[in-house]
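For the sequence shown, the positions run 1 to 351 when this note's numbering is used. For glycine and all other residues, C-beta sits at the position ideal for the given N, C-alpha and C. Have a look at the structure below before the remarks.
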Amino acid sequence: MAVLQAFNGFFYQINELCLTAYLPEIRDQVKEEKVFTWYNSIYTITGTITQVLYLGVVIVFAGIYSWNDGQIGRFGQATAAVSGSFFWYIGWHFFRGKDARRSLGAGKFLAVAGLEQITNTTKAIFKFYPRSIGTFFLGTVFVDGAVESLLSISITFYTVVLGFKATGVAILLLLVLIFSTFGAFLMYFLTRRMDPMKLYKIIIVLMMIMNFASFMGLTRPSQKNMAYLIASIFGIFVGFYYPLSRIIYAMIVPRGQEAELSGFFRYCTQVLAWLPPLTFTVINEKGYDFAFGAISVNGFMFIGLVIFMFMKPWNQCLEDAKVNKMVRENIIEDTVDDEAGVSDESFHNNE
């Protein structure tokens, strides 16, 4: 089962990478920032609704047949496999094909050429975009690593400290998903009045405050109702966080290397996701309170927040993204049309 789950996670990351690679092109097509922001909100909301329906089906069947944790897990996996296959077919059918931007030179091996390209791109990012996309990628390593691990850490905390069973955990997850749709709606309206990066940092601070208050305040099983409230608030923050991170990436990424830099972005979101849970486990194994282990996640979020403070002002980040300096300076091979390398200026101006 563990091996199968590892493959499942691997293919999930490939799917997310492909979706992320399309975002900058969609951004250029829709032109206006508010339209692109609305698209990202709907993207999050529709995905969340699908997850809510799936989780609702699992909860209903588990309640009707009084299944134990193992039976719930098997039913959930089977349902996910069937529904996932259906949506995979839809995606395969409707995703528009894309021509390769580069061809493999004669006598070159794909793995070697890929490593050379990644090395050149990494150097170029921190040479030409050190305080825009470069700083954003670096901060994302810490913040996304923390946010990605929050759910698993919270489930462990609620199970051990508050005594939640599988059905209770499913209800908590359902609340997170439902309220994340409200967060996505709020994100759309607030980004029309505030630049996305500033709002992003505010959400990170609010999540840190919520983590501290919830993990320190929830100490006994009689507080389960409060846990449901915390899950709802966390859902709103999640609904803000993930669409915002995609919007920021798509708006400040240099044109012409969307697929490659989407790989960088996805890598940054996952590369440190193992460390907060490990820190949580080590602290607990040393005999410290579960709350202290859970709060350690805030340390990673704080590091990322400090890194984000070194980014250029939002408008300057947008200006930097208009021209791919890596191509212009011949650091990266130019294989895209000129019009793909410069985004429409009208998009970058908020109404």
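Status (buried if at least 16 other CB within 10 Å, exposed otherwise) for residue i
{"i": "residue 107", "result": "exposed"}
{"i": "residue 5", "result": "exposed"}
{"i": "residue 207", "result": "buried"}
{"i": "residue 11", "result": "exposed"}
{"i": "residue 239", "result": "buried"}
{"i": "residue 105", "result": "exposed"}
{"i": "residue 202", "result": "exposed"}
{"i": "residue 76", "result": "buried"}
{"i": "residue 9", "result": "exposed"}
{"i": "residue 235", "result": "buried"}
{"i": "residue 141", "result": "buried"}
{"i": "residue 137", "result": "buried"}
{"i": "residue 309", "result": "exposed"}
{"i": "residue 97", "result": "exposed"}
{"i": "residue 74", "result": "exposed"}
For residue j and residue i, the rounded distance between their alpha carbons
{"i": "residue 233", "j": "residue 117", "result": "42 Å"}
{"i": "residue 337", "j": "residue 21", "result": "A caution first: residue 337 carries a pLDDT of 45, below 50, which makes its placement in the model too unreliable to give a value."}
{"i": "residue 154", "j": "residue 282", "result": "16 Å"}
{"i": "residue 134", "j": "residue 300", "result": "18 Å"}
{"i": "residue 346", "j": "residue 32", "result": "Because the pLDDT of residue 346 is 39, which lies under 50, any placement of that residue in the model is unreliable, and the question is left without a value."}
{"i": "residue 87", "j": "residue 227", "result": "33 Å"}
{"i": "residue 193", "j": "residue 70", "result": "48 Å"}
{"i": "residue 7", "j": "residue 125", "result": "31 Å"}
{"i": "residue 94", "j": "residue 17", "result": "17 Å"}
{"i": "residue 130", "j": "residue 321", "result": "12 Å"}
{"i": "residue 14", "j": "residue 266", "result": "9 Å"}
{"i": "residue 62", "j": "residue 50", "result": "19 Å"}
{"i": "residue 400", "j": "residue 257", "result": "Residue 400 lies beyond the stretch modelled for the chain, which goes from 1 to 351, so this question has no answer here."}
{"i": "residue 259", "j": "residue 237", "result": "28 Å"}
{"i": "residue 279", "j": "residue 185", "result": "34 Å"}
{"i": "residue 72", "j": "residue 84", "result": "18 Å"}
{"i": "residue 66", "j": "residue 188", "result": "41 Å"}
{"i": "residue 3", "j": "residue 92", "result": "25 Å"}
{"i": "residue 204", "j": "residue 252", "result": "19 Å"}
{"i": "residue 30", "j": "residue 36", "result": "6 Å"}
{"i": "residue 176", "j": "residue 243", "result": "15 Å"}
{"i": "residue 304", "j": "residue 231", "result": "23 Å"}
{"i": "residue 39", "j": "residue 46", "result": "11 Å"}
{"i": "residue 324", "j": "residue 128", "result": "9 Å"}
{"i": "residue 52", "j": "residue 24", "result": "28 Å"}
{"i": "residue 241", "j": "residue 273", "result": "16 Å"}
{"i": "residue 225", "j": "residue 99", "result": "53 Å"}
Coarse secondary structure for residue i, derived from DSSP in three states
{"i": "residue 253", "result": "coil"}
{"i": "residue 195", "result": "coil"}
{"i": "residue 309", "result": "coil"}
{"i": "residue 160", "result": "helix"}
{"i": "residue 220", "result": "coil"}
{"i": "residue 289", "result": "coil"}
{"i": "residue 324", "result": "coil"}
{"i": "residue 3", "result": "helix"}
{"i": "residue 274", "result": "coil"}
{"i": "residue 214", "result": "helix"}
{"i": "residue 296", "result": "coil"}
{"i": "residue 55", "result": "helix"}
{"i": "residue 348", "result": "Low per-residue confidence applies at residue 348: pLDDT is 42, beneath 50, and the placement is therefore not dependable, though the value from the model is reported in the following sentence. DSSP places residue 348 in helix when its eight states are reduced to three."}
In chain order, which alpha helix (DSSP H) runs of at least 4 residues are fully inside the stretch 63-114? 69-94
- Task: Evaluate contact between the stretch 215-227 and the stretch 247-259, counting only Cβ atoms and requiring at least three cross-stretch pairs below 8 Å.
- Result: no
Exercise. So does the stretch 204-219 actually touch the stretch 152-171, counting three or more Cβ pairs closer than 8 Å?
Worked result: yes
- 4-residue-minimum alpha helix (DSSP H) runs that sit fully inside the stretch 7-33, ordered along the chain: none
To test your reading of the DSSP string, which unbroken alpha helix (DSSP H) runs of 4 or more residues are found completely within the stretch 126-189? 133-161
Checklist entry - Are at least three pairs of beta-carbons, each pair with one atom in the stretch 165-183 and one in the stretch 284-298, less than 8 Å apart? => result no
- prompt: Is the stretch 143-150 touching the stretch 168-177, taking contact as three or more C-beta pairs under 8 Å?
  reply: no
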